[in-house]
Structure formats: C-alpha cells, structure tokens
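Protein chains: 2
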Amino acid sequence: MTKAPTRIQKRNRAAILSAGLDIFSQYGFRGATLDQIADAAGLSKPNLLYYFPSKEAIHSALLERLLETWLDPLKALDGSGDPITEIMAYAQRKLAMSRDFPRESRLFANEILQGAPRIEEILKSDLKRLVDQKAEIIKAWADDGKIAAIDPHHLIFSIWALTQHYADFDVQVRAVLGGRDPFPDAATHLDHLFQRMLKVEP
Amino acid sequence: MTKAPTRIQKRNRAAILSAGLDIFSQYGFRGATLDQIADAAGLSKPNLLYYFPSKEAIHSALLERLLETWLDPLKALDGSGDPITEIMAYAQRKLAMSRDFPRESRLFANEILQGAPRIEEILKSDLKRLVDQKAEIIKAWADDGKIAAIDPHHLIFSIWALTQHYADFDVQVRAVLGGRDPFPDAATHLDHLFQRMLKVEP
DNA sequence: CGTTCTTTTGACCAGTTGGTCAAACCAGAA
DNA sequence: TTCTGGTTTGACCAACTGGTCAAAAGAACG
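Going down the list, the sequences are from chains H and B. For the first sequence, my numbering begins at 70 and goes up steadily by one. For the second sequence, my numbering begins at 70 and goes up steadily by one.
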C-alpha cells in the first residue's frame, strides 16, 4: 500500500522530471549524467536518488509519460469527420506539440536515434497497430475519392517529419531564419501544403 | 611540412572514422566512448590515440567531412533550370542521401539535438547564406508564376524534414511498416507530394 | 515541548572515462 | 643484416560516473 505523496515529494519529483527532460532530451540517455540532472533540479545527487532509485528510473518515467501523450493527437483522428479537416487538424495539433513541448519531441528523437532500445517493442506493437488502423481510415477516404490518392503510411510519416522537424532541428531552423520564430509561418505553410497535398484533382 | 600518409595510416584512419561515425551517430558526442570506437575500429585505445590526438579530434574530422558533402545537393539547385524539375531533383538527391548515408544524417541530427555547439556558427553564416540565396531563386520562380506561391525557406525545411526523417527515424519507420524497406515507396510518395505542392493552380 | 517520520547531506566506493608514456614491436631501405 | 622510423601495446593516472550509507537536519503533529 503506497502512501499519498507529500507536498515536498510532489515538488521534488516534478523538478527532477523536468530537469531530466532537459538533460536527456539534449544528450540522450548515455550522454546525460546524474550530476547534471541533480544540478538542474537544484538537488544534491544523493537527494535525487532518494526520489528515484536510478538513472534508468528517471528516464523510464519520462518515456512512459511521453508515450502516453505522444499518440493522443493521432488517436483523435476521427474516421467519421471531414477527411481534409481531420488530417489538417492532426497536423496542426502535432505542430502545436512541437511548439509547446519541444523537449518531449527531442527526448523521443534521441531515443529513436539510439536505436530505440527501450521502446522498440512498443513501436512494433502499439504504435504499429494504431498507425495501421488510421492508415486504413485514410485509405478508405482516398478510395472514396474524398482526398487525393496517397500512400497512407507515408502521409503519416510526412506529418510526423514536417512537424517534429521544427522541434528537433529548432536551432538550425532559427539559425537559418536569423533568429525569427518559425512557428507562425510554419503553421500557414503546412496549411497550404496539406491543402494542396490532399485536394482531389478536378 | 606534412609527410604523405603510409598505407597503414590510410587504412587505420579510415577505420577509425568509420567506427567513430557508427558510434557518434548513435550516441552523440557525450554518449560515445573511446573504448567503443577503438573496439569497433579493431584497435587498442592507445593505438587509436596515436592516429587522432583526442575524442574531439575524431568528432571534428567527421563533422568537417560531413558539412563538406552535406550541402552539395542544395548547392546544385540551379536557378536556370526548370523550376519543378530542379526542386524535385533536389528532394530526390536528399532522399538518396538518407538511404545511402544514414549514419551521416544521424550524426548531423545528433549534433543539432545537442544544440549544435560545434557548428552553430557555420549554420548562422555559411548555411544561412546558402539557404537565403537559394530561397531567393525559389521566390523568383514563385513570383514569375512558374511554381505555386510558397514560402521558400519553409519549402526548404520541408524538403529536409521529409527526406532526413527516413534516415533519422529509420527504426520507427521500419517498425511501423513491419520491417519493409521504406525507400522505394518513399521516393514515389515524395514525387507525388512535391508535384502537387509546386504545380501552379490552373 | 518531544517524538516520529521524512528529507538532506558528506563521505565514500568501485567501475569507467579520456588520455599519457616508455618500452616493445615491426616494416622496409641501405 | 642492421638501422631507422613508423606502429602497437601494457601499465598507469586523475577525473568522473552511478550508486550507497549512516548520520544529521527538518517537518508534522500531539
């Protein structure tokens, strides 16, 4: 029977997770150190290990929380809605996540770059199942002539690529743009792009 | 005056760079260890340090070689060619690079994810200059009605995102596709996509 | 106030890390 | 064959790594 967490526990656990997100999303699991995370969280290393039993545990907690929310936008894609509206809304939701949760996006990117050792099974089961199911919906729309004929899986990959790029490659994007905020323009750009991509030929 | 490299030097330096590319592209600079690299290169650690003076030196050599070839496809975009052909050829060249040099793509991704500490200045100067110049060309095409009106910078970002995704997120893409090779389908998908994206409205 | 439970810390540990060095080894030219 | 310069290695080092522990310091509550 686990006790209810105290005020201090809540604060410190949150601080550790936020600090861990900062560090892990930048350096990956291997490149991050407990000293860095403890420092960023404003705690001593032994104190940090009082709240999480190991480096692994912090990372696992973050990945778990991430996967939970990461797939929600795709789950929300509704087969009974208007096809083009649905797909474009999904893309805009994902772009908003890149804007509002760039660290989560980079944590995920880092995990995949390292070969996804900790989540490969989930990708092959849960993620694949979800994507296959939504691809089915998109295929039906295409077959019915409601959107242009397009490979559903690669359409989903394209949405991921186009939106996550603005979080994962943020420093490059801003360097090229001379420091300007890319997101407003990115939103209208992707809007135009998906409109043209999906519109049925006259 | 530097001597010409011997046969052994050439072989070992190449082995080290290849091993370094393997390891750095997976784990990033901080996450990679000299022992890993030496092991992958089939050399002892002191022997490795006989050819490169430090971990930094190996990484720098790789980044330098990378940047040299990484921007060539964009440089080749020709303002005097046929607009749609030129842009689509650029996208296909970049996709081919994701297929043929995925480690280089991941090395670059890792560097950017970590905040690009070693190449930020180059991004802000050389890369920005090159992109601005090519964006100029694309803008002229759009103004002349030769391609659809589209934000040139974000068009370039889109090409980067859509193509590099297949290298950087390879394990995710393959997991979702059940292990199938994504590249043939990706090529035709991107072909259709850019065709629709760039075609001028009738 | 004192007691009990939670929280924090300094000292410490074994294994790993990037890097050094002198000595040994080896290939090839004379 | 010997000499020479390039090559390889084992032993070593200081700094850092993830993690432990007992003891000290705070909260919480009657």
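By construction, the Cβ of each residue, glycine as well, lies at the ideal position given by its N, Cα and C atoms. Just so we're clear, the structure is a prediction, and the values are computed from it rather than from any experiment.
Out of the options, point me to the one whose CA is closest to residue i's CA.
i, options, result
"B/Phe98", "B/Asp141, B/Ile225, B/Ser123, B/His128", "B/His128"
"B/Ser227", "B/Leu259, B/Tyr120, B/Arg82, B/Lys193", "B/Leu259"
"B/Lys203", "B/Leu140, B/Pro115, B/Pro251", "B/Leu140"
"H/Arg187", "H/Glu133, H/Ile77, H/Val242", "H/Glu133"
"H/Thr232", "H/Arg175, H/Asp201, H/Ile219", "H/Arg175"
"H/Leu117", "H/Ala209, H/Thr138, H/Leu86, H/Pro142", "H/Leu86"
"B/Asp201", "B/His222, B/Ala73, B/Trp210, B/Gly247", "B/His222"
"H/Ile219", "H/Pro152, H/Glu125, H/Pro74", "H/Pro152"
"H/Gln264", "H/Ala217, H/Asp169, H/Arg76, H/Ile106", "H/Ala217"
"H/Arg168", "H/Gln78, H/Ala73, H/Arg243, H/Thr154", "H/Arg243"
"H/Leu135", "H/Leu246, H/Pro115, H/Leu112, H/Phe170", "H/Phe170"
"B/Ile206", "B/Glu137, B/Gly148, B/Leu246", "B/Gly148"
"B/Leu246", "H/Gly248, H/Ile225, H/Phe121", "H/Ile225"
"B/Trp210", "B/Thr154, B/Thr75, B/Asp250", "B/Thr154"
Let me see if you follow: with CB-CB separation under 8 angstroms, is residue i close to chain H or not?
i, result
"B/Trp229", "yes"
"B/Arg172", "no"
"B/Phe252", "no"
"B/Met266", "yes"
"B/Lys193", "yes"
"B/Gly184", "yes"
"B/His223", "yes"
"B/Gln161", "no"
"B/Leu262", "yes"
"B/Phe226", "yes"
"B/Asp237", "yes"
"B/Asp220", "yes"
"B/Val269", "no"
"B/Arg168", "no"
"B/Gly247", "yes"
"B/Ala255", "yes"
"B/Gly97", "yes"
Do you know offhand how far residue i's Cα is from residue j's?
i, j, result
"H/Gly214", "B/Asp254", "21 angstroms"
"H/Ala84", "B/Glu173", "35 angstroms"
"B/Asp108", "H/Gly150", "55 angstroms"
"B/Ala230", "B/Ala160", "10 angstroms"
"H/His261", "B/Leu267", "11 angstroms"
"B/Asn81", "B/Leu131", "15 angstroms"
"H/Met166", "H/Tyr235", "10 angstroms"
"B/Tyr119", "B/Lys163", "36 angstroms"
"B/Phe177", "H/Thr257", "27 angstroms"
"H/Met70", "H/Gln241", "Note that H/Met70 scores a pLDDT of 41, beneath 50, so its modelled location is shaky; the value from the coordinates is reported in the next line. Cα to Cα, the separation comes out at about 49 angstroms."
"H/Leu146", "H/Ile156", "7 angstroms"
"B/Gly184", "H/Phe238", "9 angstroms"
"B/Leu199", "B/Lys144", "7 angstroms"
"H/Glu270", "H/Ser123", "56 angstroms"
"H/Glu125", "B/Glu180", "23 angstroms"
"B/Ala88", "B/Glu189", "25 angstroms"
"B/Ala115", "B/Phe121", "Reading the sequence as shown, one finds Pro at residue 115 of chain B and not Ala. Their backbone Cα atoms lie some 10 angstroms apart in a straight line."
"B/Thr75", "B/Thr138", "25 angstroms"
"H/Ser113", "H/Lys79", "17 angstroms"
"H/Ala251", "B/Lys208", "Here residue 251 of chain H is Pro; the residue named in the question, Ala, does not match the sequence. Answer to the nearest angstrom: the Cα atoms are 18 angstroms apart."
"B/Ala110", "B/Ile77", "13 angstroms"
"H/Ala158", "H/Asp212", "21 angstroms"
"B/Ala73", "B/Ile106", "25 angstroms"
"B/Pro142", "H/Pro142", "34 angstroms"
At least one CB of chain B closer than 8 angstroms to the CB of residue i: is that the case?
i, result
"H/Tyr200", "It should be pointed out that residue 200 of chain H corresponds to Val in this sequence rather than to Tyr. Yes, H/Val200 counts as interfacial toward chain B."
"H/Arg76", "no"
"H/Lys114", "no"
"H/Gly100", "yes"
"H/Phe121", "no"
"H/Ala217", "yes"
"H/Ala244", "yes"
"H/Lys197", "yes"
"H/Glu205", "no"
"H/His128", "no"
"H/Glu189", "yes"
"H/Asp91", "no"
"H/Asn179", "yes"
"H/Arg175", "yes"
At least 3 beta-carbon pairs within less than 8 angstroms: the stretch 194-201 of chain H vs the stretch 100-115 of chain B: no
Assess contact between the stretch 80-99 of chain H and the stretch 77-93 of chain B, defined as three or more Cβ pairs (one per stretch) separated by less than 8 angstroms. Is contact present? no
Of all the beta strand (DSSP E) runs that stay within the bounds of the stretch 170-246 of chain B, which reach a length of 3 or more residues? none
Please specify which runs of the alpha helix (DSSP H), each continuous and at least 4 residues long, are wholly inside the stretch 105-168 of chain B, giving them in chain order. 114-120, 124-139, 141-144
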